[in-house]
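Below: one structure, written as structure tokens.
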Amino acid sequence: MPVIEVEGLRRTYRTRTSPWKRAAREVEAVKGVDFAVERGELFGLLGPNGAGKTTTIKMLITLLLPTSGRASVLGYDVVDDPREVRRRVGYVFGGDRGLYERLSALDNLRYFAELYGVSARDQKARIGELLELVGLTGREEERVEGYSRGMRQRLHVARGLLHKPEVLFLDEPSIGLDPVGARELRTTVSDLRASGTTVLLTTHYMFEADELCDRIAVIAGGRIVAEGTPADLKGRVGEGTVVEVEVFGDAGAALREVQTMTGVRSAAVEDRGHAQSLVVRAEPGAEVTQRVLALLTGVPVGRVATREPTLEDAYVELVGQTAESDAAAAAGEPDGVEDEPEEVRA
Amino acid sequence: MTPVGLLRVLALGWWFHLKMLARSAFNGVLQVLWPLFFATIAFLMYGLGRGDRALLYAAIGASVMGVWSAVSTSASGAVQRERWSGTLELLVAAPVPLPAVLLPITTAMATVGLYAMVATLLWGRFLFGIDVSIEHPLLFAASVPVTVLSIGMLGFLLSVTVVRYRSGWALGNAFELPVWLVCGFLVPIGILPDWVRPISWVLAPTWGVRAIRESALGGQPLPDLALCLLLGLVYLAIGVLAAESVLASARRNATLSLS
Amino acid sequence: MTALVNAARIFVFGGIMSYRALFHWLTPWILIPSFLVGPIAQILLFAYLGRSAGVASDEFFVIGNALQYAAIPCLFAMGNTIGDERQQKTLGIILSTPAPRVPLFLGRAIPVILNGWLVALFALVVGGLMFSIDVPASAYLPIVLVSLVASFSCTGLGLVGAALALRVRETAVLANVIFGVLLVFCGVNVPLDRLPDWMASVAQWLPLTHGIAAARSLADGASLASVAGEVGKEAAIGVAYVLIGMAMLSYFEWESRRRATLEVF
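Chains as they are written, first to last, in my numbering: chain F, 776 to 1121; chain L, 522 to 780; chain Z, 54 to 318.
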């Protein structure tokens, strides 16, 4: 039986633009999401900022009520049995906040241990164990205000594990971490999975999802646009080639023509600082380079490279498709939903 | 949750938040100075007119002003502060009911007010010669913590009821002086209009201050103390009920975090 | 002439910007408790304290506290302005522009002073009604005018405080302490002739003292001309504080440039 089950989950936010105006805007952050996570899996929710990842995770941790749809964690419904869910899950999020600055790390852990129901007898041992796990032994008497971002993140993880949760929710845990810190975190996370904890991780770093996760759901614009193992997702783009053309001018006009060319799966223009990059995904066997360059006559071009597709390409394509279809939908319905839903306060 | 477990959560929560509050030097200085200004005015005015008894009355009441101030200005912002430090979500996500998390916070705030209490009594003693000798020390020693606890419970009620409004702190602030007046800290409630009297009676600080005064100056503090505690428990009960509805609304309207 | 026009423009524009910033966050939930309930609560507390101690009259406390409550935000206005600029790291930039300083900073205080004006009026009217004070209707406008002057001189003191706060750091504590000092010394609640001599002397050099005295005379039926002396003193004190504040700011700025303490600005 899956540990996490999500069916048709939706969440709409209402925001008021100013306290004096009565009009409110409705933003649908999560537009009907379905997935399931099995016991012991490390499941990734991968998507760009504003895709609805944090909203989804908060609904699963019972901090947000869904507007419609169902979700259950370990068999307990998140709306009807929040307390049962809370006893068995841990929540860790990235960033600097979520800890009491003026207390020492040890005091923070003691306080949260008490709040999360760790019995008095077990607290000392458990805290010691976790400090060791996250590599903070010896620094626990220091106040958190003096901790670096990496240390805070590790303390966060320790805090989330105090009550030995069966399911751990990690919301963008490596955000803002330096590469070393991020790598340490990833090691900790995979060790966790190895010890039998089910983990649901949200991230916008696809290499992180690729490296850690057993399965990934790509979420964009509040919807899941693809689901599968990293290999599956790479497989979707496994065939064919990618042609990247460095363009020092406006590639926009050529883009539309390229997109309709035979043999082209998709094309997009990416900003690379001093130049733009026209990225063309071609069907296997299709020769597109010459035709693309022909369309770009008159526009200065630089390097032309041909390569194998990566998970990043799959991701960009999936996310790009959603943005386009949302934009089209929004264009068709003037008072419809925004195409880049942000998490805003009600 | 076992009763012992609950007591542990309350006690440890109180202890840790007290630690945090005590470590904020800025808070400390202001919280001690603030009531001193008002006490000084009261002492100057009473010193001119009435005489020693009135001064003693004012000195004791003034000392408790600090405990209320420490709570009124901070309690209504307690939830907002947790939201700012990113810990509110973690507190709500804990299996412990939210009231058991908030009550220790507001009680710790009230406890910090004890610094002001001592400072005001010393101020009165050394600058105005107001000699507060304590008639029933044991009862005094009991009255003070009970008053502090009840004010903490009132603070808890405040923290829960204004939490929906991001500017709840303004409401809390607005209650500071009215409570000083209505609960008879500086003036006997007898001189207030009749219709105010019932309001004074349902506010725990009224009875707490009375109990403290009577244990210092002589009287029957026990009934007052009992009433003070009873009212505190009533606030607790109302607060617990309100917390349920407030939490549900916060989950519906996504107001537990800053983003 | 252009200098004057420029100064006026900076003055007004700064004021408008400050107004918008002020009211962007001012919801009814802040407005009502802070500006409407606050002054009335203060008046009530001290009026009853006065009754209990047998000191002065209800009218004494209504006027004293109404003017004080209205002037206090002006005390904080300068501190907040400077604090905000410093937080946004624009203070050094502003101080280094050729714009004349005085209208620049004072312009920011305008909405706060105007706001205080309205609060004073409200407190006087409501407080007057509650305690059935006998103030001639013709006195209201002059009293409110005097309140404006008192607010201005508090702004001046606020500027000094703000300049100090640049070095001292704990702005909020300083501001609240000044509030308390004014409440005790300036005859707001304790009649000057009943204060210890040294306190009454200090009060002569603080804002509010003269303004409140003038307002009380006006409430008793005195003419505006007869209180001109007190009002003049109040205004002069205000100007003096503004000058001292500006001098301090310039000094600290020069000093920070000399010592390269960029963090201050």
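Yeah, the Cβ is synthetic: ideal placement off N, Cα and C, and Gly gets one too. Every value quoted in this text rests on a predicted model; they were computed, and no experiment measured them.
Distance, V622/L Cα to D897/F Cα: The C-alpha of V622/L is placed about 21 Å away from the C-alpha of D897/F.
Residues near I902/F by beta carbon distance below 6 Å, same chain, minus five either side: Same-chain partners within the cutoff: L884.
Burial state of V292/Z, where buried means 16 or more other Cβ atoms lie within 10 Å: Exposed, because fewer than 16 other Cβ atoms sit within 10 Å of the Cβ of V292/Z.
Partner residues on chain L for L840/F, Cβ-Cβ distance less than 7 Å: Going along chain L in sequence order, the residues near L840/F (Cβ under 7 Å) are R772 and R773.
DSSP-derived helix/strand/coil call for L945/F: Looking at L945/F - three-state DSSP - the assignment turns out to be strand.
Three or more C-beta pairs below 8 Å linking the stretch 582-594 of chain L and the stretch 703-713 of chain L: At 8 Å Cβ cutoff, the stretches touch.
Buried/exposed call for N824/F, threshold 16 Cβ in 10 Å: Residue burial is scored here from C-beta neighbours: N824/F has fewer than 16 other C-beta atoms within 10 angstroms and is therefore classed as exposed.
Local conformation of I779/F per DSSP, three classes: In this structure, I779/F counts as strand in the three-state DSSP scheme.
Classification of T787/F by the beta-carbon crowding that lies within 10 angstroms, buried from 16 upward: Residue environment analysis places T787/F among the buried positions, since at least 16 neighbouring C-beta atoms fall within 10 angstroms of its C-beta.
Contact set between the stretch 240-270 of chain Z and chain L, restricted to residues whose Cβ is under 8 Å from the partner: Flagged, chain order: N242, V243, R247 and L248.
Min CB distance F558/L to chain Z below 8 Å: Chain Z, which has a Cβ nearer than 8 Å to the Cβ of F558/L, makes this yes.
Closer than 8 Å to chain L by CB, L315/Z: Low local confidence applies: a pLDDT of 47 at L315/Z is under 50, so the model's placement there is unreliable, with the coordinate-based value given in what follows. Interface annotation, L315/Z: not in contact with chain L, CB-CB separation never under 8 Å.
Assigned exposure category for D250/Z - 16 Cβ within 10 Å defines buried: Exposed, because fewer than 16 other Cβ atoms sit within 10 Å of the Cβ of D250/Z.
Given R574/L as reference, the closest of M522/L, S721/L and E735/L once Cα atoms are compared: R574/L has its Cα closest to that of E735/L, out of M522/L, S721/L and E735/L.
Buried/exposed call for D273/Z, threshold 16 Cβ in 10 Å: Per the 10 Å Cβ criterion, exposed.
Neighbour list for W605/L in chain Z, Cβ cutoff strictly below 9 Å: Under the 9 Å cutoff, chain Z gives no residues; its nearest Cβ is about 16 Å from W605/L.
Under 9 Å from the C-beta of A747/L: neighbouring residues of chain Z: Here the premise fails: no neighbours, minimum Cβ distance about 27 Å.
Contact between the stretch 867-874 of chain F and the stretch 602-617 of chain L (3+ Cβ pairs under 8 Å): Contact between the stretch 867-874 of chain F and the stretch 602-617 of chain L is present, with at least three C-beta pairs closer than 8 Å.
C-alpha distance - R646/L paired with F537/L, whole-angstrom precision: The straight-line gap from Cα to Cα measures roughly 33 Å.
K806/F - partner residues in DSSP beta bridges: BP columns for K806/F point to R785/F.
Contact under 8 Å by Cβ, C239/Z with L259/Z: In contact: C239/Z and L259/Z (Cβ atoms closer than 8 Å).
Proximity below 8 Å, CB of F944/F to CB of L975/F: Yes, the Cβ-Cβ distance between F944/F and L975/F is below 8 Å.
Secondary structure, beta strand (DSSP E): runs of 3+ residues fully inside the stretch 892-976 of chain F: Scanning the stretch 892-976 of chain F for uninterrupted beta strand (DSSP E) segments of 3 residues or longer gives 942-946, listed from N- to C-terminal end.
Between the CA atoms of A599/L and E306/Z - distance to the nearest angstrom: Cα to Cα, the separation comes out at about 38 Å.
Three-state secondary structure assigned by DSSP to R544/L: Here R544/L sits in coil by DSSP.
Exposed unless 16 or more other CB atoms sit within 10 angstroms - verdict on L577/L: The residue is buried, with at least 16 neighbouring Cβ atoms inside 10 Å.
Nearest to A900/F (by Cα), restricted to the options V919/F, R927/F, E917/F and A933/F: Looking at the Cα atoms, A933/F is the closest of the given residues.
8 Å CB neighbourhood of G913/F in its chain, flanking five on each side removed: So no residue of the chain qualifies.
Interface positions of the stretch 872-895 of chain F facing chain L (Cβ-Cβ less than 8 Å), listed along the chain: Correct list: R872, G873, L874, Y875, E876, R877, L878, D882, R885, Y886, F887, E889, L890, Y891, G892 and A895.
V1112/F at chain L interface by Cβ criterion, 8 Å: Note on V1112/F: pLDDT 37, under 50, position unreliable in the model; no value is reported.
Any C-beta of chain L under 8 Å from that of G233/Z: Yes, its Cβ sits closer than 8 Å to a Cβ of chain L.
Alpha carbon of A300/Z to alpha carbon of F649/L, nearest angstrom: Roughly 39 Å between the two C-alpha positions.
Given 8 Å, three or more beta-carbon pairs between the stretch 967-981 of chain F and the stretch 1049-1064 of chain F: Output reads no: the stretch 1049-1064 of chain F does not touch the stretch 967-981 of chain F.
Amino acids of chain L, ordered along the chain, whose beta-carbon sits closer than 9 Å to that of Y788/F: Here the neighbours are N774 and A775.
Against chain F: residues of the stretch 622-655 of chain L by CB proximity under 7 Å: When CB distances to chain F are screened at a threshold of 7 Å, the residues of the stretch 622-655 of chain L falling below it are V622, in chain order.
Where Q601/L falls: helix, strand or coil (DSSP): Helix at Q601/L.
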